[in-house]
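*Asks:* Residue numbers (this note's numbering), protein chains in the order written: chain A, 451 to 677; chain B, 33 to 264; chain C, 61 to 282.
The beta-carbon is built from N, C-alpha and C at its ideal position, and this holds for glycine as well.
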Amino acid sequence: MREKIIIGLAVFAGALLAWNMNTIFTQLPDELNQGAIYRIIYFHVPANILGMTGFGLGMLLSIGYLVTKDLRYDALAASVTEVSLVFASIGLATGSIWARIIWGVWWAWDYRLTSWLVCWLIFGGYLMLRRAIDEPNQRARFAAVVSILGSVNAYISYKSIEWWTTQHPQPVLSIRNGGGMAAGMEAPIWWNVLALACFSAILVMVRMRQEAVANEIDTLRRMAHAQ
Amino acid sequence: MNALEIAGVWKYYGDFPALREVRLNIAPGSTLALLGRNGAGKTTLLRIVAGLSRPSRGSIRIHGSEAREQATRRRIGILGHGIALYDELSAIENLTLFGRLYGLPDPRKRAGEMLERVGLGRVRDGLAREFSRGMRQRLAVGRAFLHDPEVLLLDEPFTALDDRAIAVLQSMIKEMRERGRTIIMSTHQLREALELASHVALLQRGQIVHAGERTQQMLDDTGWLYRTYGDN
Amino acid sequence: MFLRQVWTIAAKDLHSELRTKEAWNASIAFSVVILLLFSFAFDPSSEQIQEFSGGLLWMTYAFAGALVLNRSFAREVQNDCLDALIASPVSSAALFVGKALANFAMLYAVELVSLPVFVLFYNVPWKAAQLWPMLLVLALGTWALTVIGTLFSALTVNLKLRELMLPTLVYPMMIPALISAMTITTNVLAGNPAGFGMRFLVAFDIIFTLLAMVFVDTVLVG
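#1: What residue range is occupied by the uninterrupted alpha helix (DSSP H) comprising residue 109 (chain B)?
#2: In terms of residues, what are the limits of the alpha helix (DSSP H) holding residue 227 (chain C)?
#3: Rounded to a whole number of angstroms, what is the C-alpha to C-alpha distance between residue 71 (chain C) and residue 175 (chain B)?
#4: Counting only beta-carbon separations shorter than 8 Å, does residue 115 (chain B) have a partner in chain C?
#5: Alpha carbon to alpha carbon, how far is residue 202 (chain B) from residue 61 (chain C)? Give it in angstroms, no decimals.
#6: Taking C-beta to C-beta, are residue 122 (chain C) and residue 234 (chain C) nearer than 8 Å?
#7: Excluding sequence positions up to five away, which residues of its chain have a Cβ less than 8 Å from the Cβ of residue 127 (chain C)?
#8: For residue 274 (chain C) and residue 157 (chain C), I'd like the C-alpha separation in whole angstroms.
#9: What residues in the stretch 42-59 of chain B have a beta carbon less than 8 Å from any beta carbon of chain D?
#10: Any C-beta of chain B sitting closer than 8 Å to the C-beta of residue 661 (chain A)?
#11: Can the beta-carbon of residue 541 (chain A) be found closer than 8 Å to that of residue 618 (chain A)?
#12: Among B:37, B:47 and B:59, which one has its Cα closest to the Cα of residue 245 (chain B)?
#13: Can you check whether the C-beta of residue 557 (chain A) is within less than 8 Å of a C-beta belonging to chain C?
#14: How would you write the range of the beta strand (DSSP E) that residue 58 (chain B) sits in, first residue to last?
#15: If we ignore side chains and look at the alpha-carbon of each, how far apart do residue 124 (chain C) and residue 205 (chain C) end up?
#16: In the structure shown, what three-state DSSP assignment does residue 216 (chain B) receive?
#17: Just how far apart, CA to CA, sit residue 116 (chain B) and residue 146 (chain C)?
#18: Give the list of continuous alpha helix (DSSP H) stretches no shorter than 4 residues that lie fully inside the stretch 189-216 of chain B.
#19: Contact criterion: CB-CB distance below 8 Å. Does residue 220 (chain C) meet it with respect to chain A?
#20: With a threshold of 7 Å on Cβ separation, who are the neighbours of residue 33 (chain B) within its own chain once the five nearest residues in sequence on each side are excluded?
#21: Kindly indicate the opening and closing residues of the beta strand (DSSP E) around residue 242 (chain B).
#22: Return the residue from the list A:602, A:646 and A:548 that minimises the CA-CA distance to residue 487 (chain A).
#23: Please determine, among C:101, C:67 and C:238, the residue with the shortest C-alpha to C-alpha distance to residue 209 (chain C).
#24: Any residues in the stretch 588-601 of chain A with a beta carbon nearer than 8 Å to a beta carbon of chain C? Which ones, in chain order?
#25: Going by beta carbon distance, what residues of the same chain come within less than 8 Å of residue 567 (chain A), once the five residues before and after it are set aside?
#26: To which residues does DSSP link residue 37 (chain B) through a beta bridge?
#27: Indicate the three-state DSSP secondary structure (helix, strand or coil) for residue 134 (chain C) in the structure shown.
#28: Out of B:232, B:226 and B:258, which has the shortest C-alpha to C-alpha gap to residue 251 (chain B)?
#29: Can you grab the Cα-Cα spacing for the pair residue 129 (chain B) / residue 177 (chain C), in whole Å?
#30: Hey, is the stretch 132-146 of chain B in contact with the stretch 200-219 of chain B, meaning 3+ C-beta pairs nearer than 8 Å?
#31: Looking at the strands, I want to know which residues DSSP matches up with residue 159 (chain B).
#32: Please state the DSSP three-state secondary structure of residue 42 (chain B).
#33: Grab the span of the alpha helix (DSSP H) containing residue 494 (chain A) for me, first residue to last.
#34: List the residues of chain B whose Cβ lies closer than 8 Å to the Cβ of residue 669 (chain A), in chain order.
#35: Residue 564 (chain A) touches chain C at which residues, Cβ-Cβ below 8 Å?
#36: Helix, strand or coil for residue 223 (chain B) per DSSP?
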């Protein structure tokens, strides 16, 4: 059943992505000021949306673990956070490429970029912490605390373009402060979000399976040592 | 009301149960010897009773209240493997500190009395790191008994104690027993523990396989318990 | 009751520290040395120094502070004192706040001692009116560092690879507060108003203090 879901999602997401790519590359006109390169937005923004949402979801799942003490919440939180970190990396990388072309620099220390890099560092630390703890319940507890504290920074990053003047552009999506994009241009962003969200669901499911197997091995090892 | 009620306690490390369905009721005034091989779960169980760790399932009630409540923790004394004292503070400063933490009315006075009791009155201003091993152990015993706890948890108290420290500990345990306090000792030293114990519980692979009064037979033949209940 | 416990813990930590002076000496020495090293790296001509004075100062404080904060819970592991504290009637939140206050006092003292050194070596133009805002931003920024450092000291105290995990976790978490403190300090030293950063720092302090007080029990009690 699981395999069927994964394959189904993969096919759907793949098709959606292909269709969206077609729209982006063949049907949309170039942007007024930036030319052709603006199309990076269709990867940069969805990746960062998924990354940030994922960190927030990880926080909620961590709270779920702390309340219920059910290790499945922890496994899910870890998987979601790991996948979100990948998306954050893509977001940072695509942003950097875009910045090089438009601003002329690979990086700028404004509040949006800095706070997002900080998030990346914190959740990278989250994964390192998990690797440093053997006992699953202790690992889940500590990771949950780091996840919750880290998501404060995710929120700071989200709000950073409102609270400070930044080199990073102001909100352009229609869900924040009205819109800045022509309707036809904004829609592919959301289609990509959907497609990438499907892919991340697949990744999370694969990761969950890995966690379950690892836990089983850990238990067997403890049992063997106790004999 | 029982001094200690352990009901259906499980402790998991991951999916591995270090404690399984542990059920134990200890009446006030008993002295319980908690026996078991290494890895049976004695220290795990004691840590949960002491409030250092939470059970995965089940409950611990000490004189009717939860283990982690502040009022409950004031009634518990613990003596573990480490001496739990600050090397850079003097003997009197160490005990006064713990007296304050336990909310005693006149911590310094009580600390002085306890130092006399454990035979460290003359070195009360000496720093803990300057003490010999036996002296540090006696100071640790003083710390554990300082606030006159109603329930005492001793994790292998007789290991690594010198003769004088053992004598002090035994006399203080006897005193506590006479005053109707409850004592729980986990131990390997069967002889010393069984002499002091009124009750016995045997823990094996996380389960209580025997709990009951300490009998003369156990005292005469210290291996009997392990042979009868061990290793099934 | 809570306050009395906080006071007992804070007093104990400060008392222990004054006895040995290990962290204090290391921290002061480190802070002066860094300021000296930075002065060789950057030529402190007075116009340029204004721009990154805040940054320089807080970098020094963050690194010197780590020497104090890292030891905060680590000092309890020796002799199993941490178990005795957790088993005692002191609540985890009181234990945390007590230690945080002791750390704050020590860090603030180190900073107050290093500040004149900084002003001297870097020829920072100093006006009397800057004193109170300066003390305020030092307090707010230091509290942020303290809360995060103390909480993670508790979290990493029993981990293998503690020396690696502590800075890895702590520094990124501190960055928003550090940057705010740096900006405000630069503004204050230049005689400008503090700006939005002050509100942000206060909010950061409050939120992280509350989060730390809530979660320290989860971290300490297995």
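*Replies:* So, from the data block:
#1: Looking at the DSSP string, residue 109 (chain B) is not in any alpha helix (DSSP H); the run it does join, the beta strand (DSSP E), is 108-111.
#2: 222-250
#3: 19 Å
#4: yes
#5: 34 Å
#6: yes
#7: 83, 86, 87 and 90
#8: 11 Å
#9: As a matter of chain content, chain D is missing from the structure shown, whose protein chains are A, B and C.
#10: no
#11: no
#12: B:59
#13: no
#14: 48-58
#15: 11 Å
#16: strand
#17: 11 Å
#18: 195-210
#19: yes
#20: 95 and 96
#21: 239-245
#22: A:548
#23: C:238
#24: 588, 591, 592, 594, 595, 596, 598, 599 and 600
#25: 542
#26: B:57 and B:93
#27: helix
#28: B:226
#29: 37 Å
#30: no
#31: B:122
#32: strand
#33: 491-518
#34: 46, 47 and 48
#35: 235 and 239
#36: helix
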